[in-house]
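*Asks:* Take this structure first; my questions come after.
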Amino acid sequence: MNEALEAVIRLGIGAGVIMIALWLSLVLKGFDRKFAAWLQARYGPPLRQPFWDVFKLFQKENVVPERAVSWAFNGAPLMALVGSLVLVMFIPLGPVGGVVAGWMPVLEGYGDLILVVYLLAIPGLMMAIGGFASGSPLATVGAQREMVMMMSYEFPLAIVVLALAWRITNLSRGLESFSLKAIVENPLWGEVGILGIVGLALLFGVFFLIIPSELSKIPFDAPEAETEIGGGIIAEYSGTNLGLFYIADAVKTLAFLSLAVALFVPYNISPLLNVGGIGAYVLDLLFWLFKVEVLYFLAVTVIRVGAARLKIDKLSWLYLVPLSALAVVGSLLLYLDTL
Amino acid sequence: MAEAPPYPLNIGPIHPALKEPTQFKFVIDGEHIRETDFQPGFNHRGVEYLGMKRNPLQVLHLAERVCGICSAAHQYVFCRAVEHAADIVPTERGDYLRAIVAELERIHSHLLWAGVAGHELGFDSILHYTWKVREDVQDILEILCGNRVNYAYYIFGGVRRDISKEDIAKCRKILSNYRKIEDTVLSIFFSDPTIIHRTKDVGVLTHENAVKLCACGPLTRGAGVKKDIRFDWPHGAYGDMMDDFKVVTPETMGYHATGDVFSQIVVRIGELFESVRMTEWLLDNMPSGPITSEPNLSALLMAKLRMAEGEGVARVEAPRGEDIHYVRLKKNKMEIDSWKIRVPTYGNIMSWLTMFKDQQIADIPIIIASIDPCIGCMDRVTLVRDGSQAEVDWKVLHDMSIEKSRRLMR
Amino acid sequence: MMKYKSGDEIAASFRNRFKGHLIEDPYVKTFRNGVKKTAYSQVFVRVKRERFQDAARHLKTFDGPHHTVASGSDLGDEIEVLFHFEVYSASHGHGVVVTIGTRCPKDDPHIPSLSDIYPSVTPTEREKQEFLGVAIDGIKDNRRLFLTHAVPVGVYPWRKDEFGPEKLVRQVHKDPSGGGDGTRVIADHSPFPPGGPPVKRKGGDA
Chain A
1 MNEALEAVIR LGIGAGVIMI ALWLSLVLKG FDRKFAAWLQ ARYGPPLRQP FWDVFKLFQK
61 ENVVPERAVS WAFNGAPLMA LVGSLVLVMF IPLGPVGGVV AGWMPVLEGY GDLILVVYLL
121 AIPGLMMAIG GFASGSPLAT VGAQREMVMM MSYEFPLAIV VLALAWRITN LSRGLESFSL
181 KAIVENPLWG EVGILGIVGL ALLFGVFFLI IPSELSKIPF DAPEAETEIG GGIIAEYSGT
241 NLGLFYIADA VKTLAFLSLA VALFVPYNIS PLLNVGGIGA YVLDLLFWLF KVEVLYFLAV
301 TVIRVGAARL KIDKLSWLYL VPLSALAVVG SLLLYLDTL
Chain B
340 MAEAPPYPLN IGPIHPALKE PTQFKFVIDG EHIRETDFQP GFNHRGVEYL GMKRNPLQVL
400 HLAERVCGIC SAAHQYVFCR AVEHAADIVP TERGDYLRAI VAELERIHSH LLWAGVAGHE
460 LGFDSILHYT WKVREDVQDI LEILCGNRVN YAYYIFGGVR RDISKEDIAK CRKILSNYRK
520 IEDTVLSIFF SDPTIIHRTK DVGVLTHENA VKLCACGPLT RGAGVKKDIR FDWPHGAYGD
580 MMDDFKVVTP ETMGYHATGD VFSQIVVRIG ELFESVRMTE WLLDNMPSGP ITSEPNLSAL
640 LMAKLRMAEG EGVARVEAPR GEDIHYVRLK KNKMEIDSWK IRVPTYGNIM SWLTMFKDQQ
700 IADIPIIIAS IDPCIGCMDR VTLVRDGSQA EVDWKVLHDM SIEKSRRLMR
Chain C
750 MMKYKSGDEI AASFRNRFKG HLIEDPYVKT FRNGVKKTAY SQVFVRVKRE RFQDAARHLK
810 TFDGPHHTVA SGSDLGDEIE VLFHFEVYSA SHGHGVVVTI GTRCPKDDPH IPSLSDIYPS
870 VTPTEREKQE FLGVAIDGIK DNRRLFLTHA VPVGVYPWRK DEFGPEKLVR QVHKDPSGGG
930 DGTRVIADHS PFPPGGPPVK RKGGDA
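Protein chains in written order, with my numbering: chain A, 1 to 339; chain B, 340 to 749; chain C, 750 to 955.
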């Protein structure tokens, strides 16, 4: 009886979280576009433009190319969205720890960081499948590039996650190694020495540069490269399918940025200001939103406004060689710090 | 692992990398281009055919509509070709005003190109910046000609509008803005690491090929060949500027002329500010006098153009390169007897194809954009429209548009 | 310091070299513009078809011939093709525009190709083939360049005789393909029917 009740409660909360995540991710996208416009000395679209885009796309005809494998072509966007939404269930969307302890992901305890890293790959994988299924040479080129990209940035990402997980177990407080909850509740910055802080900073830098490529934003948007391969993966998509990819991308952005906040800056502001009660909840929530937006602005908006698209060979090299090396150096420093 | 076979990839007729319809047929091996073929002809309007059915004064406005960006160049060169055929001598002040508009057009065209190049590289901030500063030069053109595109400024023997003292002052003020942003623009294009990564050693046109394949415009100067019609064939006011200005090549800007896309960026940005200085020089040294040698249009048409017998070639350096018109007039015939337009893109086709060799798919847009192609200019020659054959007749076009509106309303 | 020849000297050189093979005497037009009246000139040379390639080769004795384009016209009984060049290009002020032309009768519409001498002429030679109905012998690429499948083989837009486009005019509202899918196929075949360009016989119909 208890288990059933718990399942129902989680289901209800999950539905709520999905609605909030959908709304919030589109709002953040609106901010991104507005800020990018300001950086480029434009007015930019209104904040609600992403909502209009989605509504418009859902009204449009859904064209399936003759040569496409239609089940894969139609299934890929849906699975991409499902993947992003499941991801949201495992990542804390909001402040954690401190006064508001307990505000944890819906499926906390049912999966750890390794699962999160796998889930992160699903939207990209689905886009590649959709691209291959489109039967267009442009989409095929895009899908190949997406595969290359994933193989490139997953490597440094894995190193970063491993290093953090190892350091958490090394605190010897009986914490689960890959538990997101443990990482969030024990911010590492306060636990390590000077060397460790330098190492953590390096890892944070690497993670910061993985953000735009994980989200396929300029200069790392080779799989979509509008002017080269006409949208690449999404070249053949239209209507509802394109809308689903659009939302999946927005939700994944939110999830990944929340993950970055949770892994590296899980601090709250209410203890600092000595606020308690309901005020702390509001304040911490706003502070969390602020952290996500700042990270969004720095890692996505500023970078995509200030650079030209990189070629896929250079891009792959960038992640596999220098960034992986940096991640390894960061991990080593973390290790040296424990000696 | 089995090697994937090379596959065909068509860019165009409609593609985001192309601003106008044309088609490239590539054979791709992985990400690398192995073969290239080029197929123009999607944008035919039959301009030359139409021109051979009209008198020179009517064709003047048709020539302008060959291209929206280098419309002044086409009007300029057509005027001069007719002048050469009919022995009309333009006035000195007319020559200077013509050169001013031609140089202003170069500024706006190069800024437009810079924006497009940025966009092709995925660097949209450059697009927004250059197109914003481009508005200033459009303002000068509006002051001078009354129009921001399709200026209708040139006439056989001179120009159609004079410039007043107040307007000169306004132009100088706006031009000084360009002097102020020079350093910013140079630093954007010459030192941004991502731009350098995307343009250095990409789309190389060797010096040898540039000479052999007769490339023209900034493309050939990027390869280190000092071809520039303004100075090679010193027509109009350019003859007076020979001592004060030199051809812009990467060497004059302090770079090696490697013939890659970066060299072309260097040339275009260099020329942009050279044109600013040239315009100022022209404003400083402008002689007084009449703006046209024959202000009476009917006298010009009936007495001079109809009675003329002869042929003429004229060339100007349009922003994209060499623009050449050939005109033949027959005595007692109102219409032009023969007319041939050659636009820069046409002359660069052969060079263009060599630039794609062994480049990546990612380089296609910037190589296409690097010669600043103007497909509308190039495809101007036949009377074929939309799969059927006809002279483009106003009535028929009007009927067609009504029909299309009805179809869309259904 | 190299010696730049003037337009008159270039014309004289062609006059001496191709005496007896010229269609008309080479002539020079010189113009003076601007305040300083700097001179620039253009030369027109028309040689007979047999010596056309030689004339193009002779142009190479001057420095840096830069080929720009070929123009063509229907003169009635003959077709004229003019190749426009510039010699002393990249010379800062010494360039001379030289136009070398030749004619062929309409009952034998063939002109030798210059593509062995100037590799850049191929596009414009393709254009001359499809627009004037004159075969360029030795052309490197025999396909059409601009015209689509909708223009029948045997119609040449710049011809002013029965091979011209007049019979196709005023059908813009009709689609010969009977609807179609809106795509335009550029014809990638030769602009001529099998057996070469259509021949117009003197005084008779084609």
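A virtual CB, placed ideally from N, CA and C, is assigned to each residue, including glycine.
Are the CB atoms of A308(A) and R537(B) within a distance shorter than 7 Å?
*Replies:* Result yes, Cβ atoms of R537(B) and A308(A) sit closer than 7 Å.
*Asks:* Considering only DSSP beta bridges, list what A788(C) is partnered with.
*Replies:* Note: A788(C) sits in a beta bridge opposite R781(C).
*Asks:* At what residues does the beta strand (DSSP E) containing P347(B) begin and finish?
*Replies:* Per DSSP, P347(B) belongs to the beta strand (DSSP E) from Y346 to I350.
*Asks:* Just the C-alpha distance for H574(B) and N782(C), rounded to the nearest angstrom, thanks.
*Replies:* About 6 Å.
*Asks:* Which residue or residues does DSSP assign as beta-bridge partners of V106(A)?
*Replies:* Looking at the DSSP assignment, V106(A) forms no beta bridge with any residue, so it has no partner.
*Asks:* For I479(B), which of helix, strand or coil comes out of DSSP?
*Replies:* In this structure, I479(B) counts as helix in the three-state DSSP scheme.
*Asks:* Mind listing which residues of the segment 527-541 of chain B have their C-beta closer than 7 Å to chain A's C-betas, in chain order?
*Replies:* Those would be T533, I534, H536 and R537, in chain order.
*Asks:* For the alpha helix (DSSP H) holding L257(A), just list the boundary residues, first then last.
*Replies:* Unbroken alpha helix (DSSP H) run through L257(A): G239 to F264.
*Asks:* If the cut is a Cβ gap below 7 Å, which residues of chain C does F570(B) touch?
*Replies:* Here the neighbours are H841 and G842.
*Asks:* Tell me the rounded alpha-carbon separation between R892(C) and Y594(B).
*Replies:* Whole-angstrom Cα-Cα distance: 41 Å.
*Asks:* Chain C partners of A755(B), CB-CB under 8 Å?
*Replies:* Nothing can be reported for residue 755(B), as the shown portion of chain B is limited to 340 through 749.
*Asks:* C418(B) and F495(B): beta carbons closer than 7 Å?
*Replies:* A contact, by the Cβ cut-off of 7 Å.
*Asks:* Work out the CA separation of Y110(A) and F178(A) for me, nearest whole Å.
*Replies:* Taking the straight line from one Cα to the other gives about 12 Å.
*Asks:* Which of the residues in the segment 441-466 of chain B, read from start to end, lie with their CB under 9 Å from any CB of chain A?
*Replies:* Going along the segment 441-466 of chain B in chain order, one finds G457, H458, E459, L460, G461, F462, D463, S464, I465 and L466 with a Cβ nearer than 9 Å to chain A.
*Asks:* Under 7 Å, do G135(A) and P65(A) count as touching if we go by C-beta distance?
*Replies:* Yes. Within cutoff.
*Asks:* Mapping the DSSP letters down to three states, classify Y43(A) as helix, strand or coil.
*Replies:* The answer is coil: DSSP assigns Y43(A) none of H, G, I, E or B.
*Asks:* Kindly provide the ranges of any alpha helix (DSSP H) runs that are 4 or more residues long and lie completely inside the segment 440-486 of chain B, ordered along the chain.
*Replies:* 463-484, all fully within the segment 440-486 of chain B.
*Asks:* Name, please, each residue of chain A whose Cβ falls closer than 7 Å to the Cβ of K471(B).
*Replies:* Within 7 Å Cβ-Cβ: A41.
*Asks:* Is the segment 864-880 of chain C in contact with the segment 845-854 of chain C, if contact means three or more CB pairs nearer than 8 Å?
*Replies:* No, the segment 864-880 of chain C does not touch the segment 845-854 of chain C.
*Asks:* On the DSSP letters alone, give me the boundaries of the alpha helix (DSSP H) that R537(B) sits inside.
*Replies:* Element bounds for R537(B): P532 to T538.
*Asks:* Assuming contact is defined by CB atoms lying nearer than 7 Å, are F880(C) and G380(B) in contact in what I supplied?
*Replies:* Not closer than 7 Å, so no.
*Asks:* If we ignore side chains and look at the alpha-carbon of each, how far apart do P105(A) and I312(A) end up?
*Replies:* Each residue's alpha carbon lies about 35 Å from the other.
*Asks:* May I have the straight-line CA-CA distance separating A4(A) from G14(A), to the nearest angstrom?
*Replies:* Straight-line Cα distance between these residues: approximately 15 Å.
*Asks:* Is there contact between the segment 583-600 of chain B and the segment 552-567 of chain B, where contact requires at least three CB pairs shorter than 8 Å?
*Replies:* Touching, yes.
*Asks:* Just the chain B side, please: which residues come within less than 9 Å of I312(A) by C-beta, in chain order?
*Replies:* What I312(A) touches in chain B: E370, Q699, I700 and A701.
*Asks:* What residue from L622(B), Y665(B) and Q362(B) has the CA that sits closest to E431(B)'s CA?
*Replies:* For the residues L622(B), Y665(B) and Q362(B), the minimum Cα distance to E431(B) belongs to L622(B).
*Asks:* Can you look up R48(A) in the DSSP assignment and give me helix, strand or coil?
*Replies:* In the structure shown, R48(A) sits in coil (DSSP, three-state: anything other than H, G, I, E or B).
*Asks:* Return the chain-ordered list of same chain residues with a C-beta closer than 8 Å to the C-beta of I367(B), the five sequence neighbours on each side being excluded.
*Replies:* Counting only Cβ-Cβ distances below 8 Å, and skipping sequence neighbours, we find P345, Y346, P347, L348, R373 and I700.
*Asks:* Find out if the Cβ-Cβ distance for the pair G651(B), H423(B) is shorter than 7 Å.
*Replies:* Cβ distance < 7 Å, so G651(B) and H423(B) count as in contact.
*Asks:* Do you know how far the Cα of F780(C) is from the Cα of R766(C)?
*Replies:* The alpha-carbon atoms of R766(C) and F780(C) are separated by roughly 26 Å.
*Asks:* Out of T871(C), H807(C) and K855(C), which one is the CA nearest neighbour of V796(C)?
*Replies:* Residue H807(C) is the option with its Cα nearest to V796(C).
*Asks:* Run through the DSSP bridge pairs and tell me what S677(B) is partnered with.
*Replies:* DSSP lists R667(B) as partners of S677(B).
*Asks:* Label L747(B) either buried or exposed according to how many other C-beta atoms from any shown protein chain fall within 10 Å of its C-beta, with 16 as the threshold for buried.
*Replies:* When all chains shown are included, L747(B) counts as exposed.
*Asks:* Report all residues from its chain with a CB closer than 7 Å to the CB of K909(C); omit the five preceding and five following residues, and keep chain order.
*Replies:* The residues are D823.
*Asks:* To which residues of the same chain is S25(A) closer than 7 Å at the C-beta, ignoring the five residues directly before and after it?
*Replies:* Around S25(A): A250, V251, T253 and L254.
*Asks:* Might you give, ordered along the chain, the residues of its own chain that have their beta carbon closer than 7 Å to the beta carbon of P946(C), omitting 5 neighbours on each side?
*Replies:* Contacts found: P858, G882, V883 and A884.
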